[in-house]
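Take a look at the structure set out below.
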Amino acid sequence: FDNRRPHEYSVFQRLTKQNEANAPLSITLTSKQQQQFAARVTTYMQAMREYDDHRVLAKARACIPQHVLIKSTRKEPASSMTSTKVEAENEEGDEDEKELCRRLLKWFKNEFFVWFNAPSCWSCGAEKSAEMKAIGMARPNEQEIVWKASRVEVYGCETCAAQVRFPRYNRAEKLLETRKGRCGEWAQCFTLCAKAAGLRARMVYDWTDHVWTEVWVSKEKRWMHADSCEEAMDTPLLYEKGWGKRLSY
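Numbering (the working numbering), first residue to last: 6 to 254.
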């Protein structure tokens with residue numbers, strides 16, 4: 006976006022340098038537009054720092070089945086290996102990052118994470134979306150704020166009138182437990198799992214309301230598109246050509 010929004014690109018460059026140096030994310034700006042842009046980008050960058058926490062990576066790695074995480078010829082259990090060691094063994098064994106990413110995408114979509122439309126009722130057990138109606142939004146409570154819930158969707162059961170909360174968590178560690186959500190939750194949790202598997206991964210935020218992952222392919226020296234919601238890999242034009250979306254960032 007450097008040609009279209011040079012001032013925002015300058016802000017992005019400065020924040021990126023601070024982030025790569027693991028320094029506090031703070032720059033002085035006079036333009037209100039730049040301040041808003043910087044605040045939004047800073048939120049994303051700070052959130053991504055969780056993905057390098059060894060404790061969180063170990064928790065994610067423990068969720069991934071051994072046949073997905075490492076080659077079947079290896080003897081050491083996947084759960085006992087650090088992400089650095091997995092990455093090193095992948096390189097030594099000439100593990101193809103694309104193949105590892107493909108296995109992760111298949112497992113994540115078909116066995117681990119679930120798309121969320123509407124909740125089941127905690128009171129009467131109603132599970133059909135037709136019986137659970139969205140009735141509004143609520144403020145996150147203290148427990149939900151700990152896991153950086155940005156907002157809470159509230160649903161009402163038409164069978165028993167009970168209400169069900171769906172917090173939109175923004176901590177990948179919590180999503181390892183809930184294992185459900187929409188594209189934001191999917192991308193956050195999958196990116197964490199990819200890094201835990203030893204891949205170099207990052208998230209891509211498009212401000213027209215979609216999020217996905219990119220994985221670094223060493224042999225090709227490029228970032229590769231990976232969308233866990235679609236189990237799609239290396240198809241970056243999926244949104245513009247397939248969905249007819251006009252992307253922003």
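Note that beta-carbon positions come from the ideal geometry of N, C-alpha and C, so glycine has one too.
In DSSP terms, what residue i is bridged to
i, result
"residue 283", "This structure gives no information on residue 283, because the portion of the chain shown stretches from 6 to 254."
"residue 227", "222"
"residue 141", "159"
"residue 215", "211"
"residue 232", "237"
Residue i, buried or exposed, once every other Cβ within 10 Å from all chains shown has been counted against 16
i, result
"residue 69", "buried"
"residue 112", "buried"
"residue 165", "exposed"
"residue 126", "buried"
"residue 99", "Note that residue 99 scores 43 on pLDDT, short of 50, meaning its location in the model is unreliable; the coordinates nonetheless yield the value given after this. When all chains shown are included, residue 99 counts as exposed."
"residue 186", "buried"
"residue 129", "exposed"
"residue 80", "Because the pLDDT at residue 80 is just 42, under 50, the model does not fix this residue reliably, and the value given afterwards should be weighed accordingly. Exposed is the call here."
"residue 206", "buried"
"residue 45", "exposed"
"residue 66", "buried"
Beta-carbon proximity check, residue i vs residue j, cutoff 8 Å
i, j, result
"residue 213", "residue 233", "no"
"residue 162", "residue 202", "no"
"residue 178", "residue 64", "yes"
"residue 12", "residue 31", "no"
"residue 157", "residue 144", "yes"
"residue 48", "residue 20", "no"
"residue 109", "residue 73", "yes"
"residue 211", "residue 253", "yes"
"residue 43", "residue 16", "yes"
Residue from the options whose Cα sits closest to the Cα of residue i
i, options, result
"residue 173", "164, 152, 106", "152"
"residue 4", "33, 74, 120, 50", "Since the first residue of the chain shown is 6 and the last is 254, residue 4 is not available in this structure."
"residue 71", "198, 253, 58", "198"
"residue 25", "44, 33, 42, 54", "54"
"residue 142", "123, 39, 170", "170"
"residue 101", "22, 137, 248, 204", "204"
"residue 229", "28, 39, 107, 29", "107"
8 Å contact criterion, which residue i and residue j should meet: CB distance rounded
i, j, result
"residue 175", "residue 52", "6 Å"
"residue 216", "residue 209", "7 Å"
"residue 236", "residue 114", "4 Å"
"residue 56", "residue 200", "5 Å"
Check: residue i C-beta below 7 Å from any heavy atom of the ligand MN
i, result
"residue 55", "The ligand MN is not part of this structure, which contains no ligands at all."
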